[in-house]
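In numbering that gives the first Met the number 0, the protein residues as written are 0 to 183.
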Amino acid sequence: MNIILFGPPGAGKGTQAKKLQNEYNIPHLSTGDIFRAAIKNETPLGVKVKSILDSGELVPDQTVVDLVADELHKEKYQYGYILDGFPRTVVQAKAFDAFLDKNDDNLDAFISLSVPENELIKRILSRGEGRTDDTEEKIRTRLNVYRKETEPVIKHYKKQDKVQEIDGSGTIDEIFERIKAALS
Ligand code: AMP
């Protein structure tokens, strides 16, 4: 099963993706986690993207698309995956469609978590993960980028009739139950 878990920053994608990974035994791929690990380990990729992540802007599409294509060719993803944080632009979504086509594969579900904006800011500020992009100013940048660049991705998948909108407010378990019901 190939799933995209979609939503604005602070919607709980990472938390829910980890729970889905345990429930369905499908690996979770977070592009943000890959970038943060690369920055921590000071790899060439990390050096290239550090200032971008710090600013709250997006890494160039080609860099992300190449990274995801490389990653998804690993054996652990052969029976499916949960994407978290990708695709984040329509260009990335189209590249991902082409990737699936080329590999004779398809997308099973696009789960879109919706959460009111004031709740998103509160959640990010209180999660205390120590991320350099979790300051109020950077969160506003990330939300603006989300509205401008990322939200149009929903329309792209609506055209394919794939979008399932999930209410992303409430407890972690309540949201998880809604996602499971949507997937069943
Ligand atoms: P996240 O952990 O998903 O919130 O991602 C953290 C940061 O990594 C974002 O603010 C972007 O700078 C970068 N990033 C992660 N995924 C992508 C993507 N698919 N396209 C572009 N930039 C990304």
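The C-beta atom is built at its ideal place from N, Cα and C for all residues, glycine as well.
Predicted model, so just to flag it, every value in this text is computed and none were measured.
Query, Result
"Here's a check: name, in chain order, each residue in its chain whose Cβ is nearer than 8 Å to the Cβ of Glu-135, leaving out the five neighbours to either side.", "Ile-120, Leu-124"
"Under the criterion of a Cβ to heavy atom distance below 7 Å, does Val-114 qualify as lining ligand 1?", "no"
"Might you give, ordered along the chain, the residues of its own chain that have their beta carbon closer than 7 Å to the beta carbon of Val-64, omitting 5 neighbours on each side?", "Gln-91, Ala-94"
"For a quick check, are the C-beta atoms of Ser-111 and Gln-163 less than 8 Å apart?", "yes"
"Taking only heavy atoms of ligand 1 into account, decide whether any of them is closer than 7 Å to the Cβ of Thr-42.", "no"
"Is the segment 148-159 touching the segment 35-46, taking contact as three or more C-beta pairs under 8 Å?", "no"
"Output needed for Pro-86: all residues of its chain with C-beta closer than 7 Å, excluding positions within five of it in sequence on either side, in chain order.", "Ala-92, Phe-95, Val-152"
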